[in-house]
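According to this note's numbering, the sequence shown is numbered sequentially starting from 1393.
Notes follow the structure.
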Amino acid sequence: MTPDEYGTIEQAKKEKHLVLVHDIRGEESTYTLAKNGFQYSRDAVPELRDCSDDAEIKKLLVGRSEELVRKITGATRTLTFANRIRCVSVDENRLAASQAPALSVHSDFSITGAWHQLESLVTDPTELETVKKGRVLVINVWRPLKTIRKDPLAVCDWLSVDLTHDWISTRMIFPHGWNELGHLSYGDQQRWYYLSGQTPEEPLIFKQFDSAEVGNGGIAVPHTAFEDVKTVGCEPRVSIEIKMFAFVPGA
1393 MTPDEYGTIE
1403 QAKKEKHLVL
1413 VHDIRGEEST
1423 YTLAKNGFQY
1433 SRDAVPELRD
1443 CSDDAEIKKL
1453 LVGRSEELVR
1463 KITGATRTLT
1473 FANRIRCVSV
1483 DENRLAASQA
1493 PALSVHSDFS
1503 ITGAWHQLES
1513 LVTDPTELET
1523 VKKGRVLVIN
1533 VWRPLKTIRK
1543 DPLAVCDWLS
1553 VDLTHDWIST
1563 RMIFPHGWNE
1573 LGHLSYGDQQ
1583 RWYYLSGQTP
1593 EEPLIFKQFD
1603 SAEVGNGGIA
1613 VPHTAFEDVK
1623 TVGCEPRVSI
1633 EIKMFAFVPG
1643 A
């Protein structure tokens, strides 16, 4: 297929809104993966200080994140399929867009997109049938590599999303495949949260799909980096996100 054969892509209109983002510092335990679709965890990784490059960081944190997700969800197996370190040069004119904090509200998958991603990774029909009999989760583990001073990550409480009016599924076509993700229309009932001064010992774990909640939109928690006027000129953000499937048998 050539680029001319991809078809027309209709661009969604983007709007900016001033939104109150609640700082839950001191109230972290109030919000849980099961109830709200996200939670902050305490997970110190002292070995992180000894990592000298991105490859070492990823090697250390992918396994550590899978272990953390299994502990929180009860999954017996995890399968990481993506990881990315996001950083910004002090000279923002040299910023690589693919590494920048994503200043756009989105969810990584729609229900259709999550199933498609699973089927592209688990290609053995028998294995695929087995994992589908249990509970299938897509989890994003987002961890600062330095204490966050600028462009923190905010998440939207799934309980505040009006699926009828807010959710927009968007299919992205690539040369060798596709993904369907979610965007969000603004709603004044939406509740947004972040953790001020988030440290590398405070990873954020949030759902991007839950097969047990398909009737509730799959709990694909919307998220975005956001600009805080009080942090202009602060040290740029450096963080890593690790995306994985988590399989809970018989759930």
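For each residue, glycine too, the CB sits at the ideal point set by N, CA and C.
Here the structure is a predicted model, which means the values were calculated and not measured.
Item, Value
"Our contact map puts residue 1544 next to residue 1433 with C-beta atoms below 8 Å; I'd like the distance itself, whole angstroms only.", "Contact flag wrong, Cβ pair sits at about 17 Å."
"Nearest by alpha-carbon distance to residue 1477: which of 1635, 1513 and 1640 is it?", "1635"
"Indicate whether the contact test is met: 3 or more Cβ pairs, each with one atom in the stretch 1610-1622 and one in the stretch 1533-1548, closer than 8 Å.", "yes"
"Thinking C-beta only, is residue 1558 closer than 9 Å to residue 1582?", "yes"
"Identify the residues that DSSP records as bridge partners of residue 1431: which are they?", "1597"
"For residue 1521 and residue 1511, what's the separation of their Cα atoms in angstroms?", "10 Å"
"Roughly how many angstroms separate the alpha carbons of residue 1578 and residue 1562, rounded to a whole number?", "16 Å"
"Whose C-beta lies closer than 8 Å to the C-beta of residue 1422 among residues of the same chain, with five residues either side of it excluded?", "1416"
"According to DSSP, which residues form a beta bridge with residue 1547?", "1585 and 1615"
"Can you list, in chain order, the residues of its chain with a C-beta nearer than 7 Å to that of residue 1466? Leave out the 5 residues immediately preceding and following it.", "1640"
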